[in-house]
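Q:
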Amino acid sequence: MSTPQIHLETLPRSIQLVMTLGFLALAAFPFVGSDFYSAMVVRMMILAIFAMSLDLLQGVTGLVSLGHAAYFGLAGYVLAFITPQNEAISLYTSLPLAVGGAALAALVIGFLVVRTHGIYFIMVTMAFAQMVFFIFFDNKALGGSDGLFLNFRPDAGVIDLENKQVFYYFTLGCLLAVYGFLRRLLWSPFGRALSGIRVNEHRMRALGFNTFSHKLAAFTLAGALAGLAGYLWAAQSGFVNPELMGFHMSAHAIMMVILGGMGNFAGAIVGALSFEYLLHIFKDLPDVGEFKTGKHWQMWMGLFIVALIIFAPKGILGVISRTFGGSAERKESGHE
Amino acid sequence: MDFVNFLIQLLNSVQYGLLLFMLAAGLTLIFGIMGVVNLAHGSFYMLGAYLAWSLAAQLGSFTLAIVVGTALSVGFGLLLERLLFRYFYQRDHLDQVLLTFGLIYVFEELRSMVWGDDVHGLPVPDLLAASIPLTDNLSYPVYRLFMSGVCLVLALGLYLLISKTRLGMKIRAGAFNREMTESLGINIRLIHSVVFALGIGLASIAGMIAAPVSSVYPNMGSQVLIMCFVVVVIGGIGSVRGALIAALLVGLVDTFGKVLLPQASGMLVYVLMAAVLLYKPEGLFKQ
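Protein chains in written order, with my numbering: chain A, 37 to 372; chain B, 4 to 290.
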């Protein structure tokens, strides 16, 4: 049913320039922005990692997961559980545990879901994420609907994560590392195979690729990277609750990827930053007389999403590359 | 569990299953025939419940509220199909997911602006307020039986419409091969409008008759939507018969799970889904 989409995989000069400027702006931000906005940018960068992990499935492999937040939330919960009451836990033990936990969950759920296609995949990923949500929501022992608190950020030896600035640059470093890793992956044989699966899975299978294990590997890797984001989120906010793995979180991640532009990871970063900023603007709208404009942010967000899908389905990067030219938009052959 | 308790739980699970079927049938039809994923389907359930609550207060009659409410929500559905959904039949599933997710937000806020954010109870109509005594201290409310009855009648009507009438024949033909059906001179756009309106109508009627039992509250659509997804996945997309059987199955597992295994009740339905997926990745009755 769904037609394979042609994505911007190689980034035109105009976008590379925008990305570089954006990175410099992020690196300089703590020197100019207030604490409030710096903390907001940290959250945005964490969500950008989360959105990139989803883009590996959604943009590259063509698997639309409506339950990606489950792995994000799980890793956060793992950190919350293993952090002792009155001391910090080492980053070097807690990070592998949290990311490994998320990857394991993605492996098990992925084993069940990647055998489904198209619309089934959407529904089934959503349903399993909901299952994970209810495991935590219904059990008082797991924090229940209120969630759990973390008293300490992980201890990383010489890197003092309790320091806001240090945490900011640590997150920025993670963002860059994940971006570099995924860009390399995109052009590796594995990445090319995933891209081939998006365009035509039958043909890939006919060429001798085991598409099931490729998709499962992508799903697990995406889960692990979402886990990294969830770990950072829990460390930053000092708090986890079931909403982190809820339906809205998953849908927001899809929105971020679409808003930026799919399939190149740069779009996911742009999308995550813009989406969070928009949310902030919508929630902060001034009242018009008696009408509480900011209270109804969901209305503006909803209308914005609808308008985006109708008018700019290729996202912000699509608009930039169309406006400023950029001949690098590769035509992918072989789709039907 | 003694027999009377078992009977009560059985009736409850059938009633819940039939209610889920009303929603899942529309969801599966809209997907099977138009190829549209409608995340906002649960919003029509909510719309139905709120319409029943506010119309019953204004018109003074629950029956009248259901009639007027159904007409209103079907009209709303037709308008939405004409203005928005029609342009998304040929688009990617991803676009449909996002469009309908955006609509969930819009509908929730419209609900908040029109009806506020409070939880409301709707009294059971006097005629159906009685209970059937089963033992000295256990009884079963007539209204729940009435709910099951309404759902059964509508399910039967849906079956007859699709398998026995000329319109049903056209609907099936359109689902099977759109171009061929069009070239035979059948107005497929009209068929799509009818199916969409039918799905919306069933969802909002489900919301209306559920309102006195479940009460009327914000976000009531999301919860039920996810259950419907599970039902559609188990039953097989596009299959109304599959939706009925899956809905009853989910009703049984959920209701008895709450009684027998309360710690794991939220999970059991998903375990059922996982089991079905392992055995038949395309659902029990894939068309």
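Backbone N, C-alpha and C define an ideal beta-carbon position, used for all residues, glycine too.
What you are looking at is a predicted structure, and each value in this text was computed from that prediction instead of being measured.
(1) Does DSSP classify Leu93 (chain A) as helix, strand or coil?
(2) With respect to the beta strand (DSSP E) encompassing Ser134 (chain B), which residues constitute its N-terminal and C-terminal limits?
(3) Using only alpha-carbon positions, find the residue among B:Ile240, B:Glu185, B:Leu148, B:Phe179 that is nearest to Leu10 (chain B).
(4) Going by beta-carbon coordinates alone, are Leu148 (chain A) and Ala277 (chain B) separated by less than 9 Å?
(5) Can you name the residues of chain B whose CB is closer than 9 Å to the CB of Ala287 (chain A)?
(6) Can you list, in chain order, the residues of its chain whose CB lies under 6 Å from that of Gly202 (chain B), leaving out five sequence neighbours each side?
(7) Report, in whole angstroms, the separation of the C-beta atoms of Met76 (chain A) and His238 (chain A), which I expect to be a contact under 8 Å.
(8) By the criterion of Cβ-Cβ separation under 9 Å, what are the contact partners of Gln334 (chain A) in chain B?
(9) Distance check for Gly146 (chain A) and Phe248 (chain A), CA to CA, integer angstroms please.
(10) Compute the Euclidean distance between the alpha carbons of Val198 (chain B) and Gly245 (chain B), then round it to the nearest angstrom.
(11) Have a look at Leu205 (chain B) and Ala59 (chain B) and give me their C-alpha separation to the nearest angstrom.
(12) Ser225 (chain B) versus chain A: which residues are under 8 Å apart at the beta carbon?
(13) To the nearest whole angstrom, what separates the beta carbons of Ser142 (chain B) and Ser134 (chain B), a pair I think is in contact under 8 Å?
(14) Step through the CB atoms of chain A and report whether any lies within less than 9 Å of the CB of Met183 (chain B).
(15) What are the boundary residues of the alpha helix (DSSP H) that Tyr313 (chain A) is part of?
(16) Three or more beta-carbon pairs under 8 Å between the segment 151-159 of chain A and the segment 217-225 of chain A, yes or no?
(17) What is the residue span of the alpha helix (DSSP H) that Leu267 (chain A) lies within?
(18) With 9 Å as the threshold, decide whether the Cβ of Leu97 (chain B) is near any Cβ in chain A.
(19) For the beta strand (DSSP E) that contains Tyr48 (chain B), what are its first and last residues?
(20) To the nearest angstrom, how far is the alpha carbon of Pro48 (chain A) from that of Val214 (chain A)?
(21) Name the residues in the segment 326-350 of chain A whose C-beta lies less than 7 Å from a C-beta of chain B; which are they?
(22) Could you compute how far the alpha carbon of Ala114 (chain B) sits from the alpha carbon of Gln121 (chain A)?
(23) When you compare each of A:Ser310, A:Ser224, A:Leu208, A:Leu90 to Ala287 (chain A) by their alpha carbons, which one comes out closest?
(24) Is it right to say Trp223 (chain A) is buried, meaning 16 or more other beta carbons lie within 10 angstroms of its own, or is it exposed?
(25) Given a cut-off of 9 Å, decide if Gly45 (chain B) and Ser186 (chain B) are closer than it, judged by their beta-carbon atoms.
(26) Three or more beta-carbon pairs under 8 Å between the segment 13-26 of chain B and the segment 167-174 of chain B, yes or no?
(27) In whole angstroms, what is the alpha-carbon distance linking Tyr48 (chain B) and Val71 (chain B)?
(28) Around the Cβ of Ser166 (chain B), are there at least 16 other Cβ atoms within 10 angstroms (buried) or fewer (exposed)?
(29) Glu285 (chain B) versus chain A: which residues are under 8 Å apart at the beta carbon?
(30) By the DSSP assignment, the alpha helix (DSSP H) with Ser196 (chain B) in it spans what residues?
(31) Rounded to the nearest angstrom, how far is the Cβ of Leu411 (chain A) from that of Ala258 (chain A), given a contact under 8 Å?
(32) What residues from chain A crowd round Val233 (chain B), counting only those whose CB sits closer than 7 Å?
(33) In whole angstroms, give me the CA-to-CA distance for Ile107 (chain B) and Met335 (chain A).
A: Checking against the coordinates, here is how it stands:
(1) The residue given as residue 93 (chain A) occupies position 57 in the first sequence. Here Leu93 (chain A) carries a helix assignment [DSSP, helix/strand/coil].
(2) Numbered from its first residue, the second sequence carries residue 134 (chain B) at position 131. It spans 134-136 - the beta strand (DSSP E) in which Ser134 (chain B) sits, taken as one unbroken run.
(3) Sequence index remark: in the second sequence, residue 10 (chain B) carries index 7 (1-based). Put simply, of B:Ile240, B:Glu185, B:Leu148, B:Phe179 the residue whose alpha carbon is nearest the alpha carbon of Leu10 (chain B) is B:Leu148.
(4) Counted from its first residue, the first sequence places residue 148 (chain A) at position 112. Counted from its first residue, the second sequence places residue 277 (chain B) at position 274. For Leu148 (chain A) and Ala277 (chain B), yes; Cβs fall inside 9 Å.
(5) Indexing the first sequence from 1 puts residue 287 (chain A) at position 251. Correct list: Leu42, Val100, Leu101, Phe104, Ile107.
(6) To locate residue 202 (chain B), count along the second sequence from 1; it is residue 199. The answer, listed in chain order, is Gly29, Leu32, Ile33.
(7) In the first sequence, the residue the question calls residue 76 (chain A) occupies position 40. In the first sequence, the residue the question calls residue 238 (chain A) occupies position 202. With a Cβ gap of about 45 Å, Met76 (chain A) and His238 (chain A) do not count as contacting.
(8) By 1-based counting over the first sequence, the position of residue 334 (chain A) is 298. Correct list: Ile107, Tyr108, Val109, Glu111, Glu112, Ser115.
(9) Here the question's residue 248 (chain A) lines up with position 212 in the first sequence. Here the question's residue 146 (chain A) lines up with position 110 in the first sequence. The straight-line gap from Cα to Cα measures roughly 10 Å.
(10) Taking the second sequence and counting its residues from 1, one reaches residue 198 (chain B) at position 195. Taking the second sequence and counting its residues from 1, one reaches residue 245 (chain B) at position 242. Cα to Cα, Val198 (chain B) sits roughly 18 Å from Gly245 (chain B).
(11) Locating residue 205 (chain B) in the second sequence gives position 202, where the first residue counts as 1. Locating residue 59 (chain B) in the second sequence gives position 56, where the first residue counts as 1. For Leu205 (chain B) and Ala59 (chain B), the gap between their C-alpha atoms comes out near 19 Å.
(12) One-based indexing of the second sequence puts residue 225 (chain B) at position 222. By Cβ distance, chain A contributes Phe283.
(13) What you label residue 142 (chain B) is simply residue 139 of the second sequence in a count that begins at 1. What you label residue 134 (chain B) is simply residue 131 of the second sequence in a count that begins at 1. Contact flag correct, Cβ pair sits at about 4 Å.
(14) Residue mapping note: residue 183 (chain B) aligns to position 180 of the second sequence, counting from 1. For Met183 (chain B), the answer is no, since every Cβ of chain A falls outside 9 Å of its Cβ.
(15) Numbered from 1 along the first sequence, position 277 holds the residue referred to as residue 313 (chain A). Residues 302-319.
(16) Judged by Cβ distances under 8 Å, the segment 151-159 of chain A makes no contact with the segment 217-225 of chain A, as fewer than three pairs qualify.
(17) Taking the first residue of the first sequence as position 1, residue 267 (chain A) is located at position 231. First, the amino acid is wrong: residue 267 (chain A) is Tyr here, not Leu. Taken as a continuous stretch (DSSP letters only), the alpha helix (DSSP H) holding Tyr267 (chain A) covers 247-273.
(18) As a first step, residue 97 (chain B) is located in the second sequence; it is residue number 94 there, counting from the start. With a threshold of 9 Å between beta carbons, Leu97 (chain B) makes contact with chain A.
(19) Along the second sequence, read from residue 1 onward, the residue named residue 48 (chain B) stands at position 45. Element bounds for Tyr48 (chain B): not the beta strand (DSSP E) but the alpha helix (DSSP H), 44-62.
(20) The residue labelled residue 48 (chain A) in the question sits at position 12 within the first sequence. The residue labelled residue 214 (chain A) in the question sits at position 178 within the first sequence. In a straight line, the C-alpha of Pro48 (chain A) is about 21 Å away from that of Val214 (chain A).
(21) His332, Gln334, Met335, Met337, Gly338, Leu339, Ile341, Val342, Ile345, Pro349
(22) As a first step, residue 114 (chain B) is located in the second sequence; it is residue number 111 there, counting from the start. As a first step, residue 121 (chain A) is located in the first sequence; it is residue number 85 there, counting from the start. In the sequence as displayed, the identity of residue 114 (chain B) is Arg instead of Ala. Those two C-alpha atoms are separated by around 43 Å.
(23) As a position in the first sequence, residue 287 (chain A) is number 251, starting the count at 1. If we check each option's Cα against that of Ala287 (chain A), A:Leu90 comes out closest.
(24) The count along the first sequence starts at 1 and reaches residue 223 (chain A) at position 187. By the 10 Å Cβ count, Trp223 (chain A) comes out exposed.
(25) Translated into the one-based positions of the second sequence, residue 186 (chain B) becomes position 183. Translated into the one-based positions of the second sequence, residue 45 (chain B) becomes position 42. A distance of 9 Å or more separates the beta carbons of Ser186 (chain B) and Gly45 (chain B).
(26) no
(27) By 1-based counting over the second sequence, the position of residue 48 (chain B) is 45. By 1-based counting over the second sequence, the position of residue 71 (chain B) is 68. Distance between the alpha carbons of Tyr48 (chain B) and Val71 (chain B): 15 Å.
(28) In the second sequence, residue 166 (chain B) corresponds to position 163, counting from 1. Result: exposed.
(29) Position 282 of the second sequence, counted from the first residue, corresponds to residue 285 (chain B). What Glu285 (chain B) touches in chain A: Thr152, Tyr156.
(30) The residue labelled residue 196 (chain B) in the question sits at position 193 within the second sequence. Looking at the DSSP string, the run of the alpha helix (DSSP H) that includes Ser196 (chain B) is 191-217.
(31) Absent from the model: residue 411 (chain A). The displayed extent of chain A is 37 to 372, so no value can be given.
(32) For this step, residue 233 (chain B) is matched to residue 230 along the second sequence. Proximity of chain A to Val233 (chain B) at the Cβ level (cut-off 7 Å) is accounted for by Ala163, in chain order.
(33) The sequence position of residue 107 (chain B) within the second sequence is 104, counting from 1. The sequence position of residue 335 (chain A) within the first sequence is 299, counting from 1. Distance between the alpha carbons of Ile107 (chain B) and Met335 (chain A) is about 9 Å.
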